[in-house]
Amino acid sequence: MATKEEDVQDPRIPKIASSIRVIPDFPKPGIMFQDITTLLLDTEAFKDTIDIFVERYKGKGISVVAGVEARGFIFGPPIALAIGAKFVPMRKPKKLPGKVISEEYSLEYGTDKIEMHVGAVEPGERAIIIDDLIATGGTLAAAIRLLERVGVTIAECACVIELPVLKGREKLGETPLFILVTSDAA
Amino acid sequence: MSGNKQDEDPRINGIKTKIRVVPDFPKKGIMFQDITTVLLDPKAFKDTIDLFVERYRDKNISVVAGIEARGFIFGPPIALAIGAKFVPLRKPKKLPGETIFEEYELEYGNDRLEMHVGAVEAGDRALVVDDLIATGGTLCAAINLLERVGAEVVECACVIELPELKGRQRLKGKPLCMLVEYR
């Protein structure tokens, strides 16, 4: 697994990268799945991961951390707590109990939806969107659209891992992407 | 500090007032306890985590196991603050590596909770975290998973308890720490 060139100076990155486990043929043959659960078992690597994001976003006027279900729920809340922002879960359909707005996005076969509670965010807020990994960028692009529809500005999308060969970055339009680790496996 | 409701602490009321009750979700008659509104209040969210961290930081907890999905919101901040591993306990087929599972009953039918093999070791001292305890079925399955691999479950920690559903009695004798009751 390669580390991003501009992060080669941050001495914490190689340990984070090496704590991620690659599982071949999950969820289907040919896919090399990037498993962050092993990162969560390494207390130093997990703390370093959160610290890098917090150092980047603290004091930047970010009032919303939006996390994509379910692995975005693991990384988003610690960041939100450390920078004093709200945490907003973005969920699969029918999970959120209150009134929601939804955004559809394409899958390899068919579509899916991502939902957010009405009233969770307010126009004019600045948000970051967190997920463990960006692959095709479909889910993150839908999350961006959902927040922008209610007048929120997305300062950045932040993921632990990028699979650059899938060109997910291109789906994010003007929104910048910050990642810690790239993987050529896809 | 008692192993029950943290009712002396002034932060509790602030948390309680932030929980939103949504009637008839997921079906008629259920008063759903929505914690997403707590997460929108940075002070209430921080207080929630702080209360648990203060309780557990000197208890040599090596594992915080969080139940998908809302246990993933509360578990990791606690784990990070007390220096424990975080272990996600998930619905079937989500975890990519080799897993063990525990079945538990729903109102209609069964479901399963899974954990990665090797995540937890014999002798680990574990907390189980979820947003809410209702019947206790999921928490009981979590306790079983952890005990099967030789961990000691020290306590279950939930933000909310629905005491009328008597979930506390299904925890195999393990203590429950909760912050807010809903009757």
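First to last, the protein sequences are chains A and B.
Quick note: the first sequence, position 163, residue 202 per this note's numbering, numbers continuous.
Quick note: the second sequence, position 171, residue 243 per this note's numbering, numbers continuous.
All residues carry an ideal CB built from backbone N, CA and C; glycine is no exception.
The structure presented is a predicted model; accordingly, all values stated were derived computationally and were not measured.
List the residues of chain A that residue i touches, going by C-beta distances under 7 Å, in chain order.
i	result
P148 of chain B	I113, P116 and P117
L185 of chain B	The contacting residues do not exist; L185 of chain B stays about 14 Å from chain A at best.
L290 of chain B	The requested residue 290 of chain B is not part of the displayed model; chain B covers only 73 to 255.
Is residue i near residue j, with beta carbons less than 8 Å apart?
i	j	result
E177 of chain B	G147 of chain B	no
D171 of chain A	L179 of chain A	no
I218 of chain A	E195 of chain A	no
G239 of chain B	L211 of chain B	yes
S102 of chain A	A121 of chain A	no
A105 of chain A	I168 of chain A	yes
T76 of chain A	P160 of chain B	yes
L204 of chain B	E174 of chain B	no
G177 of chain A	H156 of chain A	no
L199 of chain B	A223 of chain B	no
V192 of chain B	V221 of chain B	yes
A151 of chain B	F158 of chain B	yes
A141 of chain B	A181 of chain A	no
R92 of chain B	S134 of chain B	no
S141 of chain A	E154 of chain A	yes
T207 of chain B	E186 of chain B	no
V191 of chain A	I52 of chain A	no
R129 of chain B	I154 of chain B	yes
P168 of chain B	F65 of chain A	yes
R127 of chain B	C249 of chain B	yes
Which residue's Cα is closest to the Cα of residue i: the options?
i	options	result
L186 of chain A	A:I91, A:G163, A:I118 and A:A56	A:G163
E147 of chain A	A:Q73, A:E213, A:V199 and A:L205	A:L205
L211 of chain A	A:V157, A:T221, A:R184 and A:K125	A:R184
K118 of chain B	A:K67, A:F65 and A:P117	A:P117
V201 of chain B	B:V189, B:A116, B:V225 and B:E179	B:V225
F72 of chain A	A:R60, A:D81, A:L80 and A:E83	A:R60
I215 of chain B	B:L243, B:Y254 and B:D203	B:L243
T158 of chain A	B:N85, B:A137, B:T89 and B:L112	Before going further, note that residue 158 of chain A is Gly rather than Thr in the sequence given. Per the Cα distances, B:L112.
F114 of chain A	A:G100, A:D87 and A:P66	A:D87
P98 of chain B	A:L135, A:R208 and A:K54	A:L135
I55 of chain A	A:R130, A:D81, A:D64 and A:R208	A:D81
V110 of chain B	B:K90, B:D122, B:P95 and B:M103	B:K90
R83 of chain B	B:A137, B:V231 and B:Q241	B:V231
A116 of chain B	B:G86, B:I102, B:F104 and B:M103	B:G86
R165 of chain A	A:Y144, A:I91, A:G98 and A:D223	A:G98
F92 of chain A	A:S145, A:T175 and A:A119	A:A119
G138 of chain B	B:G195, B:E80, B:P114 and B:A156	B:A156
E219 of chain B	B:A194, B:K131 and B:Q241	B:A194
E213 of chain A	A:T175, A:I62, A:I193 and A:A197	A:I193
Starting from residue i, follow its DSSP beta bridges and name the residues at the other end.
i	result
K125 of chain A	A:V103
A229 of chain B	B:V201 and B:C249
L205 of chain A	None, per the DSSP bridge assignment.
N182 of chain B	B:E177
F72 of chain A	A:I62
L111 of chain B	Beta-bridge pairing links L111 of chain B to no other residue.
I183 of chain A	BP columns for I183 of chain A are empty, so no partner.
Q105 of chain B	B:V93
L172 of chain A	A:I200
Y144 of chain A	A:D151
A166 of chain A	A:V103 and A:I193
Give the residues of chain B in contact with residue i, contact being defined as C-beta atoms less than 9 Å apart.
i	result
P128 of chain A	T108, L111, A141, R142 and I145
K125 of chain A	L111, L112, D113, P114 and F117
Please list, in chain order, the chain A residues whose beta carbon lies closer than 9 Å to that of residue i.
i	result
P164 of chain B	Near P164 of chain B there are no residues of chain A at all, since even the closest Cβ is about 12 Å away, more than 9 Å.
A156 of chain B	T82
A191 of chain B	T76, T77, L79 and L80
P160 of chain B	T76, L79, A109, R110 and I113
Residue i versus chain B: which residues are under 7 Å apart at the beta carbon?
i	result
P136 of chain A	V94, F97, F104 and D106
A105 of chain A	Per Cβ cutoff of 7 Å: no residues; A105 of chain A is ~11 Å from chain B at best.
E108 of chain A	A141
L120 of chain A	F117, K118, I121 and P149
Which residues in chain B have a C-beta closer than 8 Å to the C-beta of residue i? List them in chain order.
i	result
L202 of chain A	Near L202 of chain A there are no residues of chain B at all, since even the closest Cβ is about 15 Å away, more than 8 Å.
Can you find a heavy atom of the ligand NAD that lies under 7 Å from the Cβ of residue i?
i	result
M129 of chain A	This structure lacks the ligand NAD, and indeed carries no ligand of any kind.
- Closer than 8 Å, Cβ to any Cβ of chain A: which residues of the region 87 to 106 of chain B, in chain order? R92, V94, F97, P98, F104 and D106
- Item | Against chain A: residues of the region 103 to 127 of chain B by CB proximity under 8 Å | F104, D106, T108, L111, L112, D113, P114, F117, K118 and I121
- Task: Name, going along the chain, the residues of the region 61 to 88 of chain A whose beta-carbon falls closer than 7 Å to a beta-carbon of chain B.
- Result: Taking 7 Å as the Cβ-Cβ cut-off against chain B, the residues of the region 61 to 88 of chain A that qualify are I62, F65, F72, D74, T76, L79, L80, T82, F85 and K86.
- Message: Give me the subset of the region 167 to 179 of chain A whose CB atoms are less than 7 Å from a CB atom of chain B, sorted by chain position.
- Response: none
- Residues in the region 165 to 176 of chain B with C-beta within 9 Å of chain A's C-beta atoms, listed in sequence order? K165, K166, L167, P168 and G169
- Message: Which residues of the region 143 to 169 of chain A have a Cβ closer than 9 Å to any Cβ of chain B? Give them in chain order.
- Response: Residues of the region 143 to 169 of chain A whose Cβ lies closer than 9 Å to any Cβ of chain B, in chain order: H156, G158, A159 and V160.
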